[in-house]
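What follows is one structure encoded as structure tokens, with my remarks underneath.
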Amino acid sequence: MAASARNVAACVRPLLLRAAARGYRATQAVRHGDDHGDRESAADVPFTIVDRAGKAHAVTAKAGDNLMYFAHKLQAENPAIVIEGACEASLACSTCHVILSSQHFDVLDEPSEQEDDMLDMAPCLSATSRLSCQIVLKPELAGMTVSLPKFTRNFYVDGHVPEPH
Amino acid sequence: MAPGASSMLVRAARRALASSAATGGGAWRVCIVGSGPAGFYTADALLKGSPDVRVDILDRLPVPFGLVRYGVAPDHPEVKNVTERFTGIARDARVRFAGNVRVADGAGLTVSVDELRARYDAVVLACGADGDRALRLPGEGLRGVSSAREFVAWYSGHPDCARAGWDLSRHDTAIVIGQGNVALDVARVLTKRPAELASTDIASEALAALERSAIRRVIVTGRRGPLQAAFTTKELRELSKLDGVRLSVLLGCNADAGSHGTADDEGGALSERALAALSGEADRPRRRQAELLRKLWLESVGGGGVARQFEREIVLAFHMQPVGFEPAGVDAGARAGNGGEVAGELGAVRFERTQLSPDGRSAVGTGEYERTPCGYAFRSIGYLPSALPGVPFDARRSLVPSAHGRVLGSADAAAMPLPGLYCSGWYKRGPSGVVLSNIGDGAETAAAILADRAAGTLGARAGTDGAARGGLDAEGDGSLRALLAGRGVRPVDFAGWERIDRHEREAGAASGKRLRKVVAVEDMLRLAREADD
Chain A
1 MAASARNVAA
11 CVRPLLLRAA
21 ARGYRATQAV
31 RHGDDHGDRE
41 SAADVPFTIV
51 DRAGKAHAVT
61 AKAGDNLMYF
71 AHKLQAENPA
81 IVIEGACEAS
91 LACSTCHVIL
101 SSQHFDVLDE
111 PSEQEDDMLD
121 MAPCLSATSR
131 LSCQIVLKPE
141 LAGMTVSLPK
151 FTRNFYVDGH
161 VPEPH
Chain B
1 MAPGASSMLV
11 RAARRALASS
21 AATGGGAWRV
31 CIVGSGPAGF
41 YTADALLKGS
51 PDVRVDILDR
61 LPVPFGLVRY
71 GVAPDHPEVK
81 NVTERFTGIA
91 RDARVRFAGN
101 VRVADGAGLT
111 VSVDELRARY
121 DAVVLACGAD
131 GDRALRLPGE
141 GLRGVSSARE
151 FVAWYSGHPD
161 CARAGWDLSR
171 HDTAIVIGQG
181 NVALDVARVL
191 TKRPAELAST
201 DIASEALAAL
211 ERSAIRRVIV
221 TGRRGPLQAA
231 FTTKELRELS
241 KLDGVRLSVL
251 LGCNADAGSH
261 GTADDEGGAL
271 SERALAALSG
281 EADRPRRRQA
291 ELLRKLWLES
301 VGGGGVARQF
311 EREIVLAFHM
321 QPVGFEPAGV
331 DAGARAGNGG
341 EVAGELGAVR
351 FERTQLSPDG
361 RSAVGTGEYE
371 RTPCGYAFRS
381 IGYLPSALPG
391 VPFDARRSLV
401 PSAHGRVLGS
411 ADAAAMPLPG
421 LYCSGWYKRG
431 PSGVVLSNIG
441 DGAETAAAIL
451 ADRAAGTLGA
461 RAGTDGAARG
471 GLDAEGDGSL
481 RALLAGRGVR
491 PVDFAGWERI
501 DRHEREAGAA
511 SGKRLRKVVA
521 VEDMLRLARE
531 ADD
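Protein chains in written order, with UniProt numbering: chain A, 1 to 165; chain B, 1 to 533.
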């Protein structure tokens, strides 16, 4: 577990991307029994996550990964990447709301009526908002930017951001 | 210095040392009052922000999760998945849960906020809203008039409402006053086929009452128009898709006569022109809801309705302001003429029609009145936080005065924060918002606590002599643990709750339900302690 966690951490460092992706792939099947399909041959999907403080993180997932669960894996090593998932991907909350780069938003199928209804309750809703639990990564999404919205409009209004010790 | 004082200081210092050894050196303590979403998300943000924090979470009931357990509708089990997250937080080694601990004035089996403040570096009030806003209208005390909050608590198996009971078999019409999501929950539970609720965690008594229900029509009324309604699109759409239930939308017309207005009205606030004006990006939620309401309205008028068999009907009626409740079986002359109290059973609700004020913020009466016969009326106009002894309360706004989660000394704009006292969730911002709202809210309160700790202004506990300190896991005489033991309060820890939970799941599996809730507090306590005794 410790070794694979390090591999996830390495994923967020662009210079080590290639080697890291190799290591990450090697541990996929063991760590994520819920993933289906041939992990070995699935294509890399490199993209950028912008955290709630505005900092960009380069990451690489696999085609077929669910964006929310992929982000949850990253969080263990990178606490700035915080995506909730209160309803466990059952379209009953909007805590996994993300904002996509517009050209990549267009690559995806239209959100369902149910997803749109949940998005309507999300703070900081934008034209390219999606629920990350509904996004399955694919090669065409390489290069996209996934921004994590601020939870509320008055979040940290005094500019204070608690630093993890 | 007198010798006695010196030895007292030494004793105090020894206790402080023992206490700090017991808690792992640099540990600091936060007590959260309330174990609903606000409490758990505040705990989560504190745990993420400080590795050496210790968080004790108290609840007056032996069971955790607040409105996730007792407010989220039984047919929305997916919303309750968030308890998995909360369970993960509760199992963090730095967290203790203590159910069956009531925070009030410190008398009897209760603990006061001041006693908590003396023992913790910070106390967070996340105890939600357990009261009702009243209409203060004549006849509100009639049998048949009740609060949606109590009805929800009853069908959710809340111990406080277990004995309330609703005989739904006597009348065919119910009116819900208010148009938030709670109002729609009540309408849905009253009209849904009981068989569809049977497998949920709905309280058995409530399910039995719904099986005997005579209610065929639920009218959900709002003072303002369709664009001001507080319900969410998701809940509205769900109502429109219930099997065997017809959903009608009335635009300021006589609900009893069933007049829907005509297509010539163009739908007023729901006209195509009005909808076109909602074109901005920020208008999207409002626009999508208005589009759905327009579609439902057109179907009600007769435009797009498909002939279906309906067992029950829900009516959404706008621009109706209740002005009084009338008893059944009394002629007009005898009706509460002096505005005083009337006795007996509800027979009708009187409404005044309204129109929107020019700014759209309020409803203005038009002087036209109508009377809608019904046997049940549910007030669903908001929950109210209650005042706590030792905590400032703004009675006018029914809120604790606060800024960014810091409780202020008074409602005065210039008031200063009280050191070490915070609030979160509905107790902080009032009773609105969904589970999600508590994430940002909890983060804001936690950020205030962490910032105050960094600035050295947490205060309260630091000012004591060290004798009265420590929480649920501390050994000292002055710890909360010792205080509770001294008063005869026996808290239920998280393992105790898990025993209750296991029992509820097993009993549920045996009777074809998701889980079968234990309703009586004494039964909860017995189950929680089975391993102890």
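Note that CB positions come from ideal geometry on N, CA and C, so glycine has one too.
Bear in mind that the values here come from a model prediction, so they are computed numbers and not experimental data.
Item: DSSP state of B:L190 mapped onto helix, strand, coil; Value: helix
Item: Residue ranges of each beta strand (DSSP E) within the stretch 34-97 of chain A, 3 or longer; Value: 44-50 and 56-62
Item: B:R288 at chain A interface by Cβ criterion, 8 Å; Value: yes
Item: Among A:F105, A:P123 and A:A86, nearest to A:G143 - alpha-carbon criterion; Value: A:F105
Item: Neighbour-count burial assignment, B:T457, 16 or more Cβ in a 10 Å radius; Value: exposed
Item: Start-to-end residues for the alpha helix (DSSP H) that takes in B:P233; Value: Looking at the sequence itself, residue 233 of chain B is Thr, so the reference to Pro does not match. Start and end: T233 to S240.
Item: B:V476 and B:R469 closer than 8 Å at C-beta; Value: Residue identity differs from the one stated: residue 476 of chain B is Gly in this sequence, not Val. In this structure, B:R469 lies closer than 8 Å to B:G476 by Cβ.
Item: B:D493 to B:L480 span [Cα, whole Å]; Value: 14 Å
Item: Option in B:L525, B:A104, B:D167 and B:G39 with minimal Cα separation from B:R143; Value: B:D167
Item: Terminal residues of the beta strand (DSSP E) in which B:R136 lies; Value: Segment: none, B:R136 is in no beta strand (DSSP E) and carries neither H nor E.
Item: Exposed unless 16 or more other CB atoms sit within 10 angstroms - verdict on B:E444; Value: buried
Item: Through-space distance from B:L116 to B:C102, alpha-carbon basis; Value: For the sequence presented, residue 102 of chain B should be read as Arg rather than Cys. The straight-line gap from Cα to Cα measures roughly 12 Å.
Item: Cross-strand partners of B:C161 (DSSP beta bridge); Value: None, per the DSSP bridge assignment.
Item: Collapsed DSSP secondary structure at B:D394 in the structure displayed; Value: strand
Item: Beta-carbon neighbours of B:K234, restricted to chain A and to distances below 7 Å; Value: D117 and M118
Item: Pairwise C-alpha distance: A:C93 and B:Y155; Value: 22 Å
Item: Residue-chain proximity (B:I439, chain A), Cβ-Cβ < 8 Å; Value: yes
Item: Beta-bridge pairing of A:E115 - partner residues as DSSP gives them; Value: A:E115 is not bridged to any residue.
Item: Per-residue burial, B:Q321 [other beta carbons within 10 Å of its own, 16 or more giving buried]; Value: buried
Item: Rounded straight-line distance, which links the Cα of A:T128 to that of B:S259; Value: Its pLDDT being 44, under 50, B:S259 is placed unreliably by the model, and the measurement read from it follows with that caveat. Going by the C-alpha atoms only, they are around 41 Å apart.
Item: Stretch-stretch touch, CB-based, cutoff 8 Å, three pairs: the stretch 80-94 of chain B with the stretch 30-45 of chain B; Value: yes
Item: Spatially closest choice to B:Q309 from B:C161, B:V176, B:D243 and B:L450, by CA coordinates; Value: B:D243
Item: Any chain B beta carbon closer than 8 Å to A:E84; Value: yes
Item: Cβ shell of B:A332 (< 7 Å), same chain only, five flanking positions each side left out; Value: Note that B:A332 scores a pLDDT of 48, beneath 50, so its modelled location is shaky; the value from the coordinates is reported in the next line. Closer than 7 Å at the Cβ level, and outside the excluded window around B:A332, lies no residue.
Item: B:V519 to B:G409 span [Cα, whole Å]; Value: 38 Å
Item: CB contact below 8 Å: A:T145 versus chain B; Value: no
Item: Contact under 8 Å by Cβ, B:I449 with B:A122; Value: yes
Item: CA-to-CA distance, B:S362 to B:S248, given in whole angstroms; Value: 24 Å
Item: Reduced DSSP secondary structure (H/G/I, E/B, other) of B:V68; Value: helix
Item: Span of the alpha helix (DSSP H) around B:W154; Value: A148 to Y155
Item: Assigned exposure category for B:D52 - 16 Cβ within 10 Å defines buried; Value: exposed
Item: Endpoints, beta strand (DSSP E) assigned at B:W166; Value: Run containing B:W166: none; DSSP gives neither H nor E here.
Item: Cβ neighbour criterion (16 or more within 10 Å) applied to B:Y120; Value: buried
Item: B:P358 versus A:V146: straight-line alpha-carbon distance, rounded; Value: 41 Å
Item: Test item: CB-CB of B:S35 and B:D59 under 8 Å; Value: yes
Item: Sheet register partners of B:S35 (DSSP bridge); Value: According to DSSP, B:S35 bridges with nothing at all.
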